[in-house]
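Structure, as structure tokens:
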Amino acid sequence: MGHSSTLAALIYQHMTSDRDRAIADRMGEAVRQALGGERPAPGASGTRRIARVQ
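FYI, in my numbering the residues of the sequence shown are 3 to 56.
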């Protein structure tokens, strides 16, 4: 990773993964608000069928 020590690399890796999670959470909340506050059902797979427009 180019850091001065293994410890520095591990600290950086941990901090970036925490930041990635925070960004994903905020983006998810923005999408939910844009879609009218819809929340997935518990245990939902994250996919659903949408009727095709022809």
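Beta carbons: idealized from backbone N, C-alpha and C, even for Gly.
Every value quoted in this text rests on a predicted model; they were computed, and no experiment measured them.
For GLY30, the secondary structure class from DSSP, reduced to helix, strand or coil, is helix. Between the alpha carbons of MET29 and ALA11 lies a distance of about 27 Å. In the three-state reduction of the DSSP assignment, LEU12 falls in the helix class. Under the three-state reduction of DSSP, ALA43 is assigned to coil, being neither helix nor strand. Here THR18 carries a helix assignment [DSSP, helix/strand/coil].
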